[in-house]
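J.: Next up is a structure, given as structure tokens.
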Amino acid sequence: MSHELGEKARRRPSTSEREDDRSAAPSARERILTAAGELFAEHGFNATPTSRIAERAEVPKGLIHYYFRRKQDLLAALVERLPEEEVESEGLVVRGDVAGSLRRLVGELDARLESSMLLSHLLWREADTHDAVRQAMQQRFGVVVEQIRRVIELALPPGLAGCDVEAAAVLLARVINHRHSVARHRTEDDELDREIGFIARALELGAGSRAVKLA
1451 MSHELGEKAR RRPSTSERED DRSAAPSARE RILTAAGELF AEHGFNATPT SRIAERAEVP
1511 KGLIHYYFRR KQDLLAALVE RLPEEEVESE GLVVRGDVAG SLRRLVGELD ARLESSMLLS
1571 HLLWREADTH DAVRQAMQQR FGVVVEQIRR VIELALPPGL AGCDVEAAAV LLARVINHRH
1631 SVARHRTEDD ELDREIGFIA RALELGAGSR AVKLA
């Protein structure tokens, strides 16, 4: 038995075993992106030289420029690492409960933020000075607006969603945007829950008034 164990210990890994080990490890590109995200968040984009990224990623400096022609391309690639904002609205909605439906949507969006808190913080900060990041964040804002609008329309009684829905969706999306942009510094006691309640009551009152007129 001990002889067999000794033979296994001395045996060199097969080609397939070595390939499995390599595939299980992060690729050089992934290590570069991880290192860049951490260093940009710690020191800022402009204050982080590519040599420091290479050092942390444990790759030659030239390999960074092989994968990313410009330093700004690292930011564009980091944007793609953010979790998708698209949430399946239908599964969150309870007809007649606008506030509860919106809270469930916000909970889903918050959970996705929590999975990439450091990256989100970095991109919110760099959006002020880098067009590619700003455009990406604006596009994500549009996705959130559309999801909020969809949840509101599904939660309100059929046929009673009016023009106020779009304004409410934009307003709540802006609140969520601000919440996420300062998420690393946010305390547990925030205003979002009360704001959701206020928006929901306003929409339901508007829908109720409209229903009376239609009757």
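Everything in the sequence shown is counted per the working numbering, starting at 1451 for the first residue and increasing by one.
From the three backbone atoms N, C-alpha and C, an ideal C-beta is built for every residue, glycine too.
Just so we're clear, the structure is a prediction, and the values are computed from it rather than from any experiment.
(1) Take the Cβ of THR1579 as the centre, count every other Cβ of all protein chains shown within 10 Å, and call the residue buried at 16 or more, exposed below.
(2) Among ASN1627, VAL1632, VAL1595, which residue has its Cα nearest to the Cα of ALA1617?
(3) To which residues of the same chain is GLY1550 closer than 7 Å at the C-beta, ignoring the five residues directly before and after it?
(4) Leaving aside the five residues before and after ALA1527 along the sequence, list all residues of the same chain whose C-beta is less than 8 Å from its C-beta, in chain order.
(5) If you pair each beta-carbon of the region 1502–1515 with each one of the region 1553–1570, do three or more pairs fall below 8 Å?
(6) Count the other C-beta atoms from every protein chain shown that fall within 10 angstroms of the C-beta of GLN1597, then say buried if there are 16 or more, exposed otherwise.
(7) For the candidate residues GLU1530, LEU1542, HIS1493, VAL1593, whose alpha-carbon lies nearest to that of ALA1623?
(8) From what residue to what residue does the alpha helix (DSSP H) around HIS1580 run?
(9) How about VAL1548 and LEU1621: do their beta carbons lie closer than 8 Å?
(10) Using the Cα positions of VAL1632 and PRO1607, report the straight-line distance between them to the nearest angstrom.
(11) DSSP three-state call for SER1501: helix, strand or coil?
(12) Taking DSSP as the reference, what is the three-state secondary structure of PHE1518?
(13) Using CA coordinates, which residue listed in LEU1572, ILE1646, ALA1577, ASP1560 is at the minimum distance from HIS1493?
(14) Compare the Cα-Cα distances from GLU1536 to each of GLN1588, GLU1558, VAL1625 and report the closest residue.
(15) Put ARG1545 into one of helix, strand or coil per three-state DSSP.
(16) Ignore the nearest five residues each way along the sequence and tell me which others in ASP1643's own chain have a CB closer than 8 Å to its CB.
(17) Would you report the Cα separation of GLU1480 and GLU1540, rounded to the nearest angstrom?
(18) With a threshold of 7 Å on Cβ separation, who are the neighbours of LYS1521 within its own chain once the five nearest residues in sequence on each side are excluded?
T.: If we stick to the structure as given:
(1) exposed
(2) VAL1595
(3) VAL1544
(4) LEU1483, PHE1518
(5) no
(6) buried
(7) VAL1593
(8) Neither: HIS1580 is in no alpha helix (DSSP H) and is coded neither H nor E.
(9) no
(10) 35 Å
(11) helix
(12) coil
(13) LEU1572
(14) GLU1558
(15) coil
(16) ARG1553
(17) 34 Å
(18) THR1500
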